[in-house]
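Sequence order for the protein chains is A and B. The first sequence: position 292 = 291 (numbering that gives the first Met the number 0), numbered continuously. The second sequence: position 355 = 354 (numbering that gives the first Met the number 0), numbered continuously. No residue lacks a Cβ here, since even glycine has one placed at the ideal position from N, Cα and C. In this text the structure is predicted, and so the values were computed from the model without any measurement. One structure below.
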Amino acid sequence: MIDTLVVPLLKIAVLLNGVLISVTFLVLMERKVIAWAQSRLGPMRVGPYGILQALADPIKLILKEDITPARADRWVFTLAPIMSLVPALVVFAVLPFGFDDFYYISNINVGLLFIVAVTSIGVYGIILGGWASNSKYPLLSSLRASAQLISYEIAVTITLVSVILTSGTLNLVGIVEAQRDGGVWFGFIQPVAFMLVFIGGLAETNRVPFDLPEAETELTGGFHTEYSGMRFSLFFLAEYANIIVISAVVAIMFLGGWLAPFPNVSVFDFLEIIPGWIWLIGKMFVVLYVFIWLRATLPRYRYDQLMNLGWKVLIPIALANLMVTGIVKVVL
Amino acid sequence: MTLETPRAATTASAVNSDELVLNMGPQHPSTHGVLRVVLRLDGERVVHADCVIGYIHRGVEKLCENRDWTQIILITDRMDYVAAASSNLGYCEAVEKLMQVEVPRRARYIRTALAELQRIASHCLWLGTHAMDIGAMTVLLYAFRERELVLDLFEEFCGARLTYNSMRVGGVPLDIPSGWDKRVLAFCDLMEPKLDEYEQLLTNNRIWLQRTRDIGVISGEEATAIGLCGPPLRGSGVSRDLRKDEPNAAYEEFDFEIPLGTKGDIYDRYLIRMEEFKQSIRIIRQAIEGLPEGPFMGKVPRLIKPPAGETYHAVESPKGELGYFLVSDGRSTNPYRFRVRPPSFCNLQALSRLVEGHLVADVVALIGTIDIVLGEVDR
């Protein structure tokens, strides 16, 4: 009873709160890093160096009036933000933060497949939200979102297959163990796959340079044009939770998860003292920082160029990578 | 521009086709003010675009006909409010032409320096907003950082940061403050490396190239036929710059080049403006270093009353050819007729032609590339 119900529930509670709080601080981090990139200070007013801005933002969003447009489809309009947030949070159930079962909620054998399946549900929230708003900009945005999803999911999924070939398992814990046993992170064995999954992750979370569904300067905010208050902030939470998921997946699959770097060099043995989950979170931060860095640097792709990139560049590369991986696997 | 009423356009297409009519503006982050573009879309492809203007029409021309000749300078500030000094320059020179007033050489040098500083400020604003429209947000902050320095220089010269009222008929109202020339030169030294910073972010960026190359291509003949002026015209390879062709202020005494494009796409227009930054810095350096001694105000009666007659005078503002047509009846202290040829308005005429066949994302890029200020379009 305690093992099957109470402990998992406690873990879920801790993880959910952890994710939601880290989302608010991720927003703060994004604002700060972009501000530094742009030679500004960023938020400075709330608390020392603006640290409490992370609390002020959600409080403001919760207190704002929540408007439903008169001609919107009320039920779908309310359902859409929930549909985009829930999958983003569900994925955390299978993310392992360490070896033993204290560090994950559930360790399923098809962990990677589960992540691919669940994260792609999230886009329905965007599509439905754009449709239910009964407004033209959100509609265009939801069309873009679906086109984008199709172009990228395929490339990313094919790429994941080559990683699975390398590790021999779909289990996330198994993938990290394979990296430990091999003595080298998959990011070095599969650099092409690493880049493809990273680019695909950018596209899947609607980040610059693939932020077409939001495209503030084109579509005035895209699918969340008509949203306000708490429902808007659910979309917001979903987007950032997804970013955290992608960074965790990238860190686990390509950067050795909770493994300390340089396992074979005895000089660096002291690195093992640091617990694994801190290593994982540190690696996630590196990935998150790159996400934010790109946002401060790059312009936005156009919708047709993005499709070109997905279908004509990424998918062929992913297939070639898969073939090479397969051949190498057979030969060795 | 074919001006169907937007309402009629909406009904016609709603009944007859599957096209989506999208109202872009007047409240939209990328229409640079209150421009409204009625787009007929097939998917995301633009079939037809109509510009609807007039949302900040203030009747500047009629207003000016009821003010005396000096008060008008103030109103010209409010047309192209991001390039007020160029508007001042055009108007003051037009009145001087009407009155046959000799402007002292020192005043002409100061005016040239101001106009070129203004060009840098205006181009900074263009670069920032244009890049922002295409999604590169950092460039906006970088460009505004340098624009702020130009505004500081203007503030020091005339006390204002946006609407300067910085020139008078016959010269400039004040001599330069002490040390101002050094600070302008210091700004020039500072600006040049900053330009490389902008170019690093954009010029060879693959995404930027993909978003700007071969978009909104317009040939030289067509550009001339539409009446384009300024950087959009030069982007199509037509060499027309009033600073060279009909030199005003002190431009004929300075050494500078007019950059020309070849293809006439967004990227060419971008490169031209980036080069204009450098040429402006060159002109400012020459003007400040060679600043002659002497009076800064010509002999002008206190009450300006030009002789009866009419004149047209145009200057190269940052946006293009800014012309003033003035008629004086010789009796009253206000113009009989005051008419402006605003470059933004004329360049905007090309928009519906440029966007046809492109995607929604290109519309905002094209609005950015023609560099309009709605205050000047509507007046």
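Candidates the options: closest to residue i by CA position
i                      : options                    : result
residue 240 of chain A : A/303, A/200, A/78, A/69   : A/200
residue 292 of chain A : A/51, A/33, A/49           : A/33
residue 27 of chain B  : B/366, B/377, B/171        : B/366
residue 215 of chain B : B/268, B/145, B/158        : B/268
residue 114 of chain B : B/301, B/149, B/158, B/288 : B/149
residue 378 of chain B : B/64, B/78, B/19           : B/78
residue 71 of chain A  : A/257, A/246, A/96, A/223  : A/223
residue 316 of chain A : A/295, A/153, A/232        : A/153
residue 311 of chain A : A/151, A/60, A/132         : A/151
residue 87 of chain A  : A/39, A/123, A/258         : A/123
residue 121 of chain B : B/108, B/133, B/110, B/145 : B/145
residue 19 of chain A  : A/232, A/37, A/319, A/260  : A/232
residue 192 of chain A : A/249, A/30, A/4           : A/249
residue 320 of chain B : B/309, B/340, B/361        : B/340
residue 256 of chain B : B/99, B/238, B/311, B/358  : B/238
residue 327 of chain B : B/42, B/67, B/225, B/46    : B/67
residue 272 of chain B : B/300, B/198, B/19         : B/198
residue 384 of chain B : B/130, B/74, B/58, B/44    : For residue 384 of chain B there is no data in the structure shown, the boundaries of chain B being 0 and 378.
Within chain A, partners of residue i - CB distance below 8 Å
i                      : result
residue 119 of chain B : Within chain A, no residue comes near residue 119 of chain B; the closest Cβ sits about 19 Å away, beyond 8 Å.
residue 406 of chain B : Residue 406 of chain B is absent from the structure shown; chain B starts at 0 and stops at 378.
residue 140 of chain B : 37, 38, 39
residue 353 of chain B : Simply none; closest approach about 16 Å.
Closer than 8 Å at the beta carbon, the chain B residues around residue i
i                      : result
residue 298 of chain A : 130, 133, 134, 135, 201, 204, 206, 207, 210
residue 31 of chain A  : Ordered by position in chain B, no residue passes the 8 Å Cβ test against residue 31 of chain A, which lies about 14 Å from the chain.
residue 305 of chain A : Within 8 Å Cβ-Cβ: nothing; residue 305 of chain A doesn't reach chain B, min ~10 Å.
residue 295 of chain A : 136, 137
residue 27 of chain A  : Residues of chain B passing the Cβ test: none, with the nearest at roughly 18 Å.
Residue range of the alpha helix (DSSP H) that includes residue i
i                      : result
residue 197 of chain B : 179 to 201
residue 105 of chain A : It is not in any alpha helix (DSSP H) - residue 105 of chain A carries neither H nor E in the DSSP assignment.
residue 344 of chain B : 342 to 347
residue 122 of chain B : 104 to 133
residue 298 of chain B : Looking at the DSSP string, residue 298 of chain B is not in any alpha helix (DSSP H), and its letter there is neither H nor E.
residue 304 of chain A : 302 to 307
residue 82 of chain B  : From DSSP, residue 82 of chain B is part of no alpha helix (DSSP H); its letter is neither H nor E.
residue 283 of chain A : 275 to 296
residue 179 of chain A : 171 to 181
residue 320 of chain A : 314 to 330
residue 186 of chain A : 185 to 188
Coarse secondary structure for residue i, derived from DSSP in three states
i                      : result
residue 28 of chain A  : helix
residue 36 of chain B  : strand
residue 169 of chain B : coil
residue 161 of chain B : coil
residue 316 of chain B : strand
residue 323 of chain B : strand
residue 358 of chain B : strand
residue 67 of chain B  : coil
residue 255 of chain A : coil
residue 309 of chain B : strand
residue 143 of chain B : helix
residue 267 of chain A : helix
residue 10 of chain B  : Because the pLDDT at residue 10 of chain B is just 48, under 50, the model does not fix this residue reliably, and the value given afterwards should be weighed accordingly. Helix.
residue 0 of chain A   : coil
residue 372 of chain B : coil
residue 149 of chain B : helix
residue 377 of chain B : helix
Residue i: contacting residues in chain B (beta-carbon distance under 9 Å)
i                      : result
residue 302 of chain A : 43, 358, 359, 360
residue 321 of chain A : By Cβ distance, chain B contributes nothing, its closest Cβ being about 25 Å from residue 321 of chain A, past 9 Å.
residue 8 of chain A   : Neighbours of residue 8 of chain A on chain B: none; closest Cβ ~42 Å, over 9 Å.
Proximal chain C residues relative to residue i, where beta-carbon distance stays under 7 Å
i                      : result
residue 144 of chain B : In the displayed structure, chain C is absent; the protein chains listed are A and B.
Within chain A, partners of residue i - CB distance below 9 Å
i                     : result
residue 28 of chain B : 215, 216, 217, 219, 220
Chain-ordered neighbours of residue i on chain B, where CB pairs are closer than 7 Å
i                      : result
residue 207 of chain A : 134
residue 311 of chain A : Those within 7 Å of residue 311 of chain A in chain B number zero; the least Cβ separation is about 13 Å.
Start-to-end residues for the beta strand (DSSP E) that takes in residue i
i                     : result
residue 23 of chain B : 19 to 23
residue 47 of chain B : 44 to 51
7 Å Cβ cut-off: residues of chain A touching residue i
i                      : result
residue 363 of chain B : 216, 217
residue 19 of chain B  : 135
Query raised in the report: Which runs of the alpha helix (DSSP H), 4 residues or longer, sit entirely within the region 202 to 229 of chain A?
Result: 215 to 218
**Report entry** Whole alpha helix (DSSP H) elements within the region 107 to 144 of chain A, 4-residue minimum
**Finding:** 110 to 131
Requested in this report: Tell me the start and end of each unbroken alpha helix (DSSP H) in the region 188 to 274 of chain B that is at least 4 residues and wholly inside, in chain order.
Outcome: 205 to 211, 219 to 225, 230 to 234, 241 to 244
**Report entry** Unbroken stretches of the beta strand (DSSP E), 3 residues or longer, contained in the region 14 to 91 of chain A
**Finding:** none
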